[in-house]
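Sequences listed follow chains A and B, in order.
The first sequence begins at 160 in my numbering and counts up by one.
The second sequence begins at 160 in my numbering and counts up by one.
Glycine included, every Cβ here is placed at the ideal spot set by N, Cα and C.
The structure displayed is predicted, hence computed values, not measured ones.
Contents: one structure, followed by commentary.
Protein chains: 2
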Amino acid sequence: MEYTVQQLARLAGISSRAVRYYDEIGLLKPARISSSGYRIYGQNEVDTLQQIMFYRELGMGLEEIHKILSSPGFNRTDALKEHRIRLLEKRKQLDVLISNVERSIAAAEGRISMKDNEKFEGFIRRALEENERKYGKEAREKYGAEAVEKSNQKWLNMTEEQYREFTALSEELIKTLKEAYNTGDPASETAQKAADLHRQWLCFTWPVYSKEAHAGLVQMYVDDERFKEYYDKHQPGLAEFLRDAVMIYTER
Amino acid sequence: MEYTVQQLARLAGISSRAVRYYDEIGLLKPARISSSGYRIYGQNEVDTLQQIMFYRELGMGLEEIHKILSSPGFNRTDALKEHRIRLLEKRKQLDVLISNVERSIAAAEGRISMKDNEKFEGFIRRALEENERKYGKEAREKYGAEAVEKSNQKWLNMTEEQYREFTALSEELIKTLKEAYNTGDPASETAQKAADLHRQWLCFTWPVYSKEAHAGLVQMYVDDERFKEYYDKHQPGLAEFLRDAVMIYTER
DNA sequence: TGTTGACATTAACGTTACGTAAAGGTGTAA
DNA sequence: TTACACCTTTACGTAACGTTAATGTCAACA
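The following block contains the structure:
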């Protein structure tokens, strides 16, 4: 079937101006021009417009869509499969948003309480929140609210790059710690390197460093289920091994 | 807790420029200005920004958000509940889109076939498609492809207003038909009015009107399960009653 | 104490994806 | 032939920021 500008627009649920604009920028050229100068679109154009709509739905700019569609490697079926994955991700994010709004309602009615950062969950990909939620409460109890407030502020000031550094450090810490665990000796060079990495890691979120607080924290890791779990899931016994290593590290 | 421009922006996952812009247009004013001229945001502002984010997620313009938030009747909890409903609707629509992309994949791989209008399901609220999907096939068989193609074109050219007229006519038809059904007489004035409404309704989608085709169609209503169901769901026996009324109408 | 570097400020122009209006040609139903 | 709803191009308008520039502030480090 063939379509004029407005017919195609109505089919796709967009304005005829948009269709003409897509022609103007070379994104979607009509199949042919009628004798009277009308744009006529055919089957291929319908399919291309569908592709455009999917990419647009996923927040892509028209210029980038253009590049993709006109690249020699473009494959319609593969693109559709990609769209499917993206849309499923989008639905997941929407579910997070819905849970956010539901918790916000509960908070507004005083049934639960909500942290400021929790209020924006689902709007963007957020990974930072782990910190305050998991470690915040314990730390507040053990080291007082003031230090935590400052640590809080530090998180806020962290740039994207610093954040990447931070997660890289986390990974290195776990890797080194597991390596050290295999030696079995918390006083070994590798274990002490792990303890130092743990100190560096702490310094990302702590306002000041003190050996006493460091030693106190790792003891807490062993005592508290949630902290223990984080380390032990990589290797059972890792939390205790870290405590032993840090104890030696802080006494030196 | 208090936040500077960038801290608030990072919290919400938007740019600091956006936060300043919201101040500029009066949408989100800081709680206070520091001695050095810095914008300082507090708890209320965090909550307001969350509201803004929800409305924005739902595609609302900043000006309208402004009006809503500053209206005297605004209630945060009610708004959140409204957001919840809207987000659930949005998820439904997303599910339609996902089913669309899945069917598009199947179509691209040749497993099924898809109509052009089906390719845009989920992108917008679409109700027109009912026609071609339900009546198209039968009509094509009985009256030939050419007439249907023209009818098809007519649908595409229908404006929003015409569409409303069309649906209003549908409703009036059903109402009148039920009323006539209660008289029991297909020759009654009400029944003949219903038959005439049915003719008008047909003329919306038919390229030309003929008594023969009209009579043929209503007979088809009775013979075909899906057509019959449409009328009978309002009132069992309605399809046959309509046929009888139209038979009398077309013979006059 | 001066310098660095990441923040903050205002001002102003740029960008994307169209909306909207103007001025005129086209197609068909009455 | 007269509506009327479509089509065309040209061109300026708009929303929601992005970006750049020029300058002030603050905490930390040498």
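- In the three-state reduction of the DSSP assignment, A/Tyr408 falls in the helix class.
- For the stretch 176–207 of chain B, the residues whose beta carbon sits under 7 Å from a beta carbon of chain A are, in order, Val205.
- Between the stretch 193–205 of chain B and the stretch 160–171 of chain B there are three or more inter-stretch CB-CB distances shorter than 8 Å, so the stretches are counted as touching.
- Excluding its 5 nearest sequence neighbours in each direction, B/His373 has C-beta neighbours in its own chain below 7 Å: Arg358, Leu361, Val405, Thr409, listed in chain order.
- Under the DSSP assignment, B/Lys188 falls outside any alpha helix (DSSP H); it carries neither an H nor an E label.
- The contact set of B/Asp275 on chain A, defined by CB atoms closer than 7 Å, consists of Met160, Leu170, Val205 in chain order.
- For A/Ala267, the chain B residues whose C-beta falls within less than 8 Å of its own C-beta are Arg235, Thr236, Leu239, listed in chain order.
- Sixteen is the threshold: when 16 or more other Cβ atoms of the shown chains lie within 10 Å of the Cβ of A/Lys278, as they do, the residue is buried.
- Ranked by Cα distance from A/Val178, the first of A/Ser195, A/Tyr200, A/Gly196 is A/Tyr200.
- Sequence-distant Cβ neighbours of A/Met212 in its own chain, meaning closer than 7 Å and more than five residues away, are Ala171.
- Between the alpha carbons of B/Ile244 and B/Met219 lies a gap of roughly 15 Å.
- Fewer than three Cβ pairs drawn from the stretch 221–239 of chain B and the stretch 232–241 of chain A lie within less than 8 Å of each other, which leaves the two stretches out of contact.
- For A/Leu246, the residues of chain B that pass the 7 Å Cβ criterion are Leu253, Leu256, Ile257, Val260, in the order they occur in the chain.
- For A/Gln209, the closest Cβ of chain B is nearer than 7 Å.
- Exclusion of the five residues before and after B/Glu280 leaves Val255, Asn259 as the residues of its chain whose Cβ lies within less than 7 Å of its Cβ.
- Contact with chain B is absent for A/His225, since none of that chain's Cβ atoms lies less than 7 Å from the residue's Cβ.
- In this structure, A/Arg250 sits near B/Leu253, with a CB-CB distance shorter than 7 Å.
- If you look at A/Arg245, you'll find it in the alpha helix (DSSP H) that goes 235–267.
- DSSP lists B/Tyr200 as the bridge partner or partners of B/Tyr162.
- Under the three-state reduction of DSSP output, A/Ile271 falls in the coil class, being neither helix nor strand.
- B/Ile257 places its beta carbon 7 Å or farther from that of A/Leu217.
- In the displayed model, B/Ile192 falls within a strand according to three-state DSSP.
- Under a 10 Å Cβ-count criterion, B/Phe233 is classified as exposed, with fewer than 16 other Cβ atoms of the shown protein chains found around its own Cβ.
- Here the alpha carbons of A/Met160 and B/Pro345 stand approximately 41 Å from one another.
- Taking the C-beta atoms as reference points, B/Gln165 is found no nearer than 7 Å to B/Ser174.
- Taking the C-beta atoms as reference points, A/Thr342 is found no nearer than 7 Å to A/Ala353.
- Where A/Leu217 is concerned, there is no enclosing alpha helix (DSSP H), because DSSP gives it neither an H nor an E.
- Taking CB atoms only, A/Ile271 has no neighbour in chain B less than 7 Å away.
- Taking C-beta separations shorter than 6 Å and ignoring five residues to either side along the sequence, the partners of B/Ala350 in its chain run Ala339, Ala404, following chain order.
- With respect to chain B, the C-beta atom of A/Met406 has no partner C-beta closer than 7 Å.
- Taking C-beta separations shorter than 8 Å and ignoring five residues to either side along the sequence, the partners of B/Lys337 in its chain run His393, Gln394, Leu397, following chain order.
- Straight-line measurement puts the Cα of B/Phe282 at about 14 Å from the Cα of B/Ser263.
- Membership of A/His225 in the alpha helix (DSSP H) is indicated by the continuous run 221–229.
- Burial state of A/Thr236 is exposed, judged by a 10 Å Cβ sphere holding fewer than 16 other Cβ atoms.
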